[in-house]
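Numbering (the working numbering), first residue to last: 12 to 141.
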């Protein structure tokens, strides 16, 4: 796994949360394997498939969350999309934070809006992510 800048991750979290006028309590980002995340997916969501991210939001008043990210999925996604591993990892972190501030991706329209917001924040945060 490439080294991620802690400052970049903090910037992602704080920028999105402040842009959307939420208050942050805590966010734990847990990097794990496909198998580990599959077990969480089965146990808590009753889904029997691999995923790149699962976000658990524990509070309605402030952001208190655990974000689980499969590094195996990130690697596979980055290869399929022909982008850098680091770019895909930052995109998925942004994706998780967007879920915490109210974005969803169940319908085609929501997926399009989510992707647009991911691109927006990737672009806005680019100076911090390099």
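Glycine residues also receive a C-beta, built at the ideal position from the N, C-alpha and C atoms.
In whole angstroms, what is the alpha-carbon distance linking residue 123 and residue 35? Residue 123 and residue 35 have their C-alpha atoms some 26 Å from each other.
Going straight from the alpha carbon of residue 135 to that of residue 47, what length do you get? 32 Å
Pull up the DSSP beta-bridge partners for residue 37, would you. 75
To the nearest angstrom, how far is it from the Cα of residue 97 to the Cα of residue 82? 11 Å
Residue 38 vs residue 76 beta-carbon contact at 7 Å: The beta carbons of residue 38 and residue 76 sit closer together than 7 Å.
Between which two residues does the beta strand (DSSP E) containing residue 66 stretch? 64 to 68
So the alpha helix (DSSP H) residue 91 belongs to, where does it begin and stop? 82 to 92
Coil, strand or helix - residue 61 by DSSP: coil
Contact check, residue 31 vs residue 139 under 8 Å by CB: the rounded distance? Going by Cβ atoms, the distance from residue 31 to residue 139 rounds to 18 Å, so no, they are not a contact pair.
Which whole-angstrom value describes the C-beta separation of residue 78 and residue 62, a residue pair presumed to lie in contact below a C-beta threshold of 8 Å? Incorrect: roughly 12 Å between the Cβ atoms, too far for contact.
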